[in-house]
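Comments concern the structure below.
In the UniProt record's numbering, the protein residues as written are 1 to 141.
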């Protein structure tokens with residue numbers, strides 16, 4: 001498995017395709033809510049399994065001195081294979097390269113245990129985002 005930073009328009013379209021499939025089609029997030037004003041100013045990654053086609057994506061944005069891990073998703077057939085942990089580790093490494101030591105993310109409530117296993121702590125009560133229950137997860141590295 002490998003991760004690549006998105007540097008071309010074609011790669012960004014691939015990231016958007018995966019996000020549409022996971023968040024919009026599978027989870028019912030409205031298309032207009034999935035894509036926002038930060039798309040061009042954040043660092044995106046594509047994650048590949050063994051084939052040449054990407055199977056996951058995420059983005060990293062700096063917000064008030066925190067590394068905010070966002071839009072983390074993986075195509076259904078590749079879940080529970082270790083790739084999700086690899087995505088988080090990749091984002092954390094990218095943040096560390098920028099001198100950032102505080103990470104946060106809005107994790108779906110159903111994935112809270114996954115993030116806790118990676119060292120994240122729950123930092124909020126449950127809140128709704130795009131019609132899905134979420135919690136704030138935080139970690140210092």
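A virtual CB, placed ideally from N, CA and C, is assigned to each residue, including glycine. A quick note: this is a predicted structure, and the numbers were derived from the prediction, not measured.
If you follow the beta strand (DSSP E) that residue 137 is part of, which residue opens it and which one closes it?
From DSSP, the beta strand (DSSP E) with residue 137 extends over 132 to 140.
If distances are taken between C-alpha atoms only, which option among 82, 96, 44 comes closest to residue 50?
Among 82, 96, 44, the Cα nearest to that of residue 50 belongs to 82.
Whole angstroms is fine: what's the gap from residue 124's alpha carbon to residue 116's?
Going by the C-alpha atoms only, they are around 14 Å apart.
Below 8 Å CB to CB, which residues in the same chain sit around residue 126 once its five sequence neighbours on both sides are set aside?
109, 133, 134, 135, listed in sequence order.
Neighbourhood of residue 44 by C-beta distance below 7 Å, restricted to the same chain and skipping five residues each side:
Within the same chain, and ignoring the five residues on either side of residue 44 in sequence, the residues whose Cβ sits closer than 7 Å to its Cβ are 6, 12, 15, 57, 59.
How far does the beta strand (DSSP E) with residue 74 in it extend, from its first residue to its last?
Taken as a continuous stretch (DSSP letters only), the beta strand (DSSP E) holding residue 74 covers 66 to 74.
Identity of the residue in 72, 84, 3, 65 nearest residue 47 by Cα:
Considering only alpha carbons, the answer is 3.
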